[in-house]
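All letters in the first sequence, in the order written, are residues 8 to 284 by my numbering. Shown next, in structure tokens, is the structure this report addresses.
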Amino acid sequence: MPELPEVETVRLAISEVVNKALIEKVDIFRYDLRWKIKHDLKNNLEKDFFKTPFRLGKYILIPTNKDNVLLIHLGMSGQIKIQNKKYKKTKHDHLNILVKTQCNLTYTITYNDPRRFGFIDLLKKKDIHKHFLLNKLGFEALSKELTINNLKPLLKNRTKSIKNTLIDQTVIAGIGNIYASEILYKAKIHPFRSTNSLSDIDLKTIIKACRFILKKAIKLGGTTIKNHAQPDGKLGYFKQKLKVYGKAGEKCFSCKNNIINSSIAKRSTYYCDNCQM
DNA sequence: CTCCTGACCTGAGTGC
DNA sequence: TGCACTCAGGTCAGGA
8 MPELPEVETV RLAISEVVNK ALIEKVDIFR YDLRWKIKHD LKNNLEKDFF
58 KTPFRLGKYI LIPTNKDNVL LIHLGMSGQI KIQNKKYKKT KHDHLNILVK
108 TQCNLTYTIT YNDPRRFGFI DLLKKKDIHK HFLLNKLGFE ALSKELTINN
158 LKPLLKNRTK SIKNTLIDQT VIAGIGNIYA SEILYKAKIH PFRSTNSLSD
208 IDLKTIIKAC RFILKKAIKL GGTTIKNHAQ PDGKLGYFKQ KLKVYGKAGE
258 KCFSCKNNII NSSIAKRSTY YCDNCQM
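Laid out in structure tokens, this is it:
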């Protein structure tokens, strides 16, 4: 499911219930996600208190009073569900966190992930930037650090296509396969263009399109293709705003040519061959 | 370094 | 109904 807008949607929903909440109970049903969940995660988390969650790329991080940080990655098919009714286990629920808020409300936060490409870990606050999943992340897609000057040195030796570069988390953190196509369509840049062939103006246009598309998608709760849902069960409504992703054979909104689907690095890439140069 | 492939998993959809 | 096959929002390790 989850690229930056979906992860941010989930983070915002988690924030509503975990801030200053007591972690009453942690239940782990399956340890073997993309990597094994640490066996002491349960003991190190219970009876601690959550603070305000933040996000790095596609990772959700929830600090605690004891200076631990709970890391959540949703992989391809991960979902977070937040419920205040009695919990009933469903298929592919792998982990539950029972929290009690300051107002004494109780919520079950459930991590569900059919493909188990996601991951959950607990790390020390001081080790965040040393963590093997976080230490190579590039510039945050929505941060002020994403500028031409910062990007240029990273891109100058890259010969692969700009589409492939955009989903490289060590360059820009947060963009995935759906939004890479959407951003390049918005920027009118052809996805096959080699990265180091782009001019400053091209890069500027891409950065602008990136901010525009991602912000708009967050406003609409992300994109639901298959698995993604907001933690309260609502879908992500950016799907209705997609211009090219999943639209092979349909007419381009601008020039009425057919949208093309073509593989780049074995991942489907949608574009208009006429509008994108 | 950079780039490419295969691997990790389950489920939905398609065609015979 | 069954089976074989393809594809899916991610990302790491290993090798060229």
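Just so it is clear, CB atoms sit at the ideal spot from N, CA and C, and this is done for glycine as well. Values in this document were obtained by computation on a predicted structure and should not be read as measured data.
- With respect to G228, G240 sits apart: the two C-beta atoms are not nearer than 8 Å.
- Three or more Cβ pairs closer than 8 Å define a contact, and the segment 132 to 140 falls short of that threshold against the segment 89 to 108.
- Under the DSSP assignment, L11 falls in the alpha helix (DSSP H) whose first and last residues are L11 to V25.
- For L191, same chain residues with a beta-carbon under 8 Å away, outside a window of 5 residues either side, are I169, K170, L173, H197, P198, I213, A216, Y278 and Q283 in chain order.
- In the structure shown, Y94 adopts coil according to DSSP, grouped into three states.
- Only buried fits P238, as 16 or more other CB atoms lie within 10 angstroms of its CB.
- For P160, no beta strand (DSSP E) segment is defined; the enclosing uninterrupted segment is the alpha helix (DSSP H) at I155 to L162.
- DSSP, reduced to helix, strand and coil, places S275 within a strand of the structure shown.
- An exposed status is given to R122, since fewer than 16 other beta-carbon atoms sit within 10 Å of its beta-carbon.
- Inter-segment contact for the segment 117 to 135 and the segment 69 to 76 is present: three or more beta-carbon pairs are separated by less than 8 Å.
- Counting only runs of 3+ residues, the beta strand (DSSP E) found wholly inside the segment 58 to 124 occupies 61 to 63, 66 to 70, 75 to 80, 86 to 90, 100 to 107 and 113 to 119, in chain order.
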